[in-house]
Every structure is written in C-alpha cells, then in structure tokens.
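In this note's numbering, the protein residues as written are 14 to 108.
Here you go:
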C-alpha cells in the first residue's frame, strides 16, 4: 500500500514564487500520470510564512485542478503570534 501511494507522489525543484516553474512541475506530473478523470492536488508549502500569500496566488493561477480537489498544506510555524497567524490565514483565504 505504501509503495502504491509513494508512486503517486512527486517532488520537483523550482523557484516557489515563479508561476512558470510551478506550471512546468505540474505539466511534468500530468504527463507522468497520463489521462485521469480526477486530478486531486495537494500542495505542501515548506516555505517562509511571508511567502504563503504570494505562492497561494500562484497556485490558484497556475496549479489548481479543475477535475478534483485542491488542498494547501502549510508547514509550521504558521506565524509568530495570534495576529500574524490571522493575517496569514486571511491571505490564503483570499486566494
């Protein structure tokens, strides 16, 4: 079961704040998968919190699946206090 799951996980290197790099990575994954009816996507962000909103916007523009669900997972820490957490949350929710 684990090997089956791992065969569907992909890691691509690129600049996280550059839309064309994200598109390139997603095209590579789509080519590997071939034609699928549901293309669920999970974006795991292990980036500085100050970049969450920018990268969230790029994911929205370049990476959202139209045939499946989309999730953004944010690696902790998510802000340094309640106020910064609220600001980050609002920034992602706007996307």
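From the three backbone atoms N, C-alpha and C, an ideal C-beta is built for every residue, glycine too.
query: Counted within 10 angstroms of its Cβ, other Cβ atoms place residue 19 as buried (16 or more) or exposed; result: exposed
query: Nearest-angstrom Cβ-Cβ length linking residue 35 and residue 71, presumed shorter than 8 Å; result: 6 Å
query: Sequence-distant residues of its chain with Cβ nearer than 8 Å to residue 30 (five each side left out); result: 64, 67, 68 and 71
query: For residue 56, the residue or residues it bridges with in DSSP; result: 85
query: For residue 31, the three-state DSSP class (helix, strand or coil); result: coil
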